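Visitor: One structure coming up, written as structure tokens, with questions to follow.
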Amino acid sequence: MGAMIEEIDSLKKQMVGLGYVEGEVNAFIHDAIGDKPISKLSNQEYKDLIDYLNSYLLFAKKSKGLVSSH
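Convert by adding 193 to the 1-based position in the sequence shown; the result is the number in my numbering.
Next up, the structure:
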């Protein structure tokens, strides 16, 4: 479970590094899991949250790629 929390923290850092504001990232997490603490998620909920955050991360990477190619 600790590895999954570390993965979520890593995704959050990557998202902030690509331009998301930390509050936005926290809002994305809240949208996905509500008020439930990350430490209380089931394995499936962790996987779903990681997939959800990865979709935003992929979008940011694609957007940065489009911006830098012009």
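Using N, Cα and C, we set each Cβ at its ideal position, and we do this for glycine too. Computed from a prediction, not measured in an experiment: that's the story for all the values here.
Under a Cβ-count criterion, where at least 16 other Cβ atoms within 10 Å of its own Cβ denotes burial, should L250 be classed as buried or exposed?
Guide: Flag for L250 reads buried.
Visitor: Please return the same chain residues whose Cβ sits closer than 8 Å to the Cβ of L242, not counting the five positions on each side in sequence.
Guide: Excluding sequence neighbours, L242 sits near I201, I222, A225, I226, I231, L234.
Visitor: So, is V214 buried or exposed, given that buried needs 16 or more other C-beta atoms within 10 angstroms?
Guide: By the 10 Å Cβ count, V214 comes out exposed.
Visitor: Relative to the alpha-carbon of K255, which residue among D244, D228, L211, E217 has its alpha-carbon at the smallest distance?
Guide: The option with the nearest alpha carbon to K255 is L211.
Visitor: Return the chain-ordered list of same chain residues with a C-beta closer than 6 Å to the C-beta of Y239, the five sequence neighbours on each side being excluded.
Guide: M197, listed in sequence order.
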